[in-house]
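Enquirer: My questions will all concern the structure given below.
There are 2 protein chains.
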Amino acid sequence: MSSQSTKKHEAINARTALLPSTDRSLPIALTRAREKVMLPIRQMLIASGITEQQWRILRVLQEQGPLDSTTLAEQACLLMPSLTRIVQSMEEKGFVSRVVSQEDRRRQTVSIEAKGRTIIQNNLDEAAIIAKRFEDVLGKQKLKTLLETLKQLDEL
Amino acid sequence: MSSQSTKKHEAINARTALLPSTDRSLPIALTRAREKVMLPIRQMLIASGITEQQWRILRVLQEQGPLDSTTLAEQACLLMPSLTRIVQSMEEKGFVSRVVSQEDRRRQTVSIEAKGRTIIQNNLDEAAIIAKRFEDVLGKQKLKTLLETLKQLDEL
DNA sequence: CAATATTACTTAATATGTTAAATAATATCC
DNA sequence: GGATATTATTTAACATATTAAGTAATATTG
């Protein structure tokens, strides 16, 4: 922002006009928005002692029933190495259970357990309020458009 | 997806209809889109041996000139503890330098160095091509709308 | 059907994310 | 002006992200 850097900035942009500046960058904008949207959810979950990733795992299992690890990772938007560790830790705490599949013993099925369901119950209402707040801020139509555009990016 | 879990799923949704299901969740959609957009950038940067966060730091410094750590963290979308570590490592590698501010000795100013500029030069064209690809996929108007909506979320 | 390839998951190593606490310098208040 | 509060940065501790390599089971192929 200093005047001496402004000249340099313009000089560089003159020969690299193709790339949008960082304040118009899609990756950065997505990261910022994600952070803002995650923050209240993270704060809510502190009381339950779980992370947003663990919350996503519980919600996916509650919605879709028992899943194999690969599908669960995809649905909860986690990479397999992360999922492995998180599910191990959640199993130790009794939130989920794992059983080896009998048809294919490479696979395992992860299920939500009573303790995990309790966490869902304790947070579902507040999570809905948080989601509603963002819907109200953006408006239903803009939120719908946003989700569609984000989906389009995901499906590339 | 199994039929025995479908009944459970519906039963739960009946009494918790307020919260959108995970496949319509804004946090998850943002995370997925971010991942898709970041992937080609990360792959590009492998050749230079830096991460996307280090790339953001270099780009912000190149655009805006020397910055104090707090501003740099804000602009590069990093938390201060992350910035501290990353800048330390980048300083050791000669990509950036740090000097303590004389007006306020709590502050320090971070500057990009020749080695850092070289990395920018080596990747700017390809970064522009990647950015263009997303612009072409979405269309200029939809990208503009997306950035505006994301900004609106950020400014909450 | 045995060698090879693929798949599902795990482990390892390194980097970043996140919260809390520590540190040092500056600002504020009585 | 000295006690106290605030600010800028760092450190610590733990959790996740990412890439690569490892392992065990299944699938494929000659």
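Which chain is which? The protein sequence lines are P and C, in order.
Per my numbering, residue 538 is the first one in the first sequence, and the count goes up by one each step.
Per my numbering, residue 538 is the first one in the second sequence, and the count goes up by one each step.
A virtual CB, placed ideally from N, CA and C, is assigned to each residue, including glycine.
1. Using a C-beta cutoff of 7 Å, does P/Arg-642 count as contacting chain C?
2. Contact criterion: CB-CB distance below 7 Å. Does P/Thr-686 meet it with respect to chain C?
3. In three-state DSSP terms, what is P/Glu-587?
4. How would you list, in chain order, the residues of chain P whose beta-carbon sits under 8 Å from the beta-carbon of C/Ala-664?
5. In chain P, which residues lie less than 8 Å from C/Ala-584 when you measure between Cβ atoms?
6. Could you check the C-alpha separation between P/Asp-605 and C/Arg-571 for me, to the nearest Å?
7. Could you tell me whether the Cβ of P/Val-597 comes closer than 7 Å to any Cβ of chain C?
8. Quick one: list the residues of chain P neighbouring C/Phe-632, beta-carbon separation under 8 Å, in chain order.
9. Can you tell me which of the three DSSP states P/Asp-641 falls into?
10. Among P/Leu-595, P/Val-637 and P/Gln-580, which one has its Cα closest to the Cα of P/Lys-630?
11. Between the segment 576-587 of chain P and the segment 612-628 of chain C, do at least 3 Cβ pairs fall closer than 8 Å?
12. May I ask which residues mark the beginning and end of the alpha helix (DSSP H) holding P/Pro-618?
13. Buried or exposed, going by whether 16 or more other CB atoms sit within 10 Å of the CB of P/Glu-600?
14. What is the C-beta distance between P/Val-633 and P/Val-647, in whole angstroms, given that I count them as a contact (C-beta under 8 Å)?
15. For C/Trp-592, tell me which candidate among C/Gly-653, C/Ser-619, C/Gln-639 and C/Arg-635 has the shortest Cα-Cα distance.
16. At least one CB of chain P closer than 7 Å to the CB of C/Leu-620: is that the case?
17. What residues match up with C/Asp-605 in a beta bridge as DSSP calls it?
18. Which of the three DSSP states, helix, strand or coil, is assigned to P/Val-674?
19. Got a sec? Which residues, its chain only, sit under 7 Å from P/Glu-628 by beta carbon, not counting five neighbours each side?
Expert: Checking against the coordinates, here is how it stands:
1. By 1-based counting over the first sequence, the position of residue 642 of chain P is 105. No, P/Arg-642 does not count as interfacial toward chain C.
2. Counting from one through the first sequence, the residue named residue 686 of chain P turns up at place 149. Yes, P/Thr-686 counts as interfacial toward chain C.
3. Position 50 of the first sequence, counted from the start, is the residue given in the question as residue 587 of chain P. The sequence as given places Ile at residue 587 of chain P; Glu does not occur at that position. Of the three classes helix, strand and coil, the one that applies to P/Ile-587 here is coil, per DSSP.
4. Translated into positions along the second sequence, residue 664 of chain C becomes position 127. By Cβ distance, chain P contributes Leu-556.
5. Along the second sequence, one-based indexing puts residue 584 of chain C at 47. The contacting residues do not exist; C/Ala-584 stays about 17 Å from chain P at best.
6. Indexing the first sequence from 1 puts residue 605 of chain P at position 68. Indexing the second sequence from 1 puts residue 571 of chain C at position 34. One C-alpha to the other measures close to 25 Å.
7. Locating residue 597 of chain P in the first sequence gives position 60, where the first residue counts as 1. Interface residue, yes.
8. In the second sequence, counting from the first residue as 1, residue 632 of chain C sits at position 95. Those within 8 Å of C/Phe-632 in chain P number zero; the least Cβ separation is about 16 Å.
9. Walking along the first sequence from the start, residue 641 of chain P turns up at place 104. Coil, per DSSP.
10. Sequence index remark: in the first sequence, residue 630 of chain P carries index 93 (1-based). Cα-wise, what sits closest to P/Lys-630 is P/Leu-595.
11. no
12. Taking the first sequence and counting its residues from 1, one reaches residue 618 of chain P at position 81. It spans 617-629 - the alpha helix (DSSP H) in which P/Pro-618 sits, taken as one unbroken run.
13. To locate residue 600 of chain P, count along the first sequence from 1; it is residue 63. The residue is buried, with at least 16 neighbouring Cβ atoms inside 10 Å.
14. Within the first sequence, the letter at position 96 stands for residue 633 of chain P. Within the first sequence, the letter at position 110 stands for residue 647 of chain P. 5 Å between Cβ atoms; contact.
15. Taking the first residue of the second sequence as 1, we reach residue 592 of chain C at position 55. Of C/Gly-653, C/Ser-619, C/Gln-639 and C/Arg-635, the residue nearest in Cα terms is C/Gly-653.
16. Counted from its first residue, the second sequence places residue 620 of chain C at position 83. No - not a single Cβ of chain P is within 7 Å of the one on C/Leu-620.
17. In the second sequence, residue 605 of chain C corresponds to position 68, counting from 1. C/Asp-605 is bridged to C/Thr-646.
18. In the first sequence, the residue the question calls residue 674 of chain P occupies position 137. Helix.
19. Translated into the one-based positions of the first sequence, residue 628 of chain P becomes position 91. Excluding sequence neighbours, P/Glu-628 sits near Ser-634 and Arg-635.
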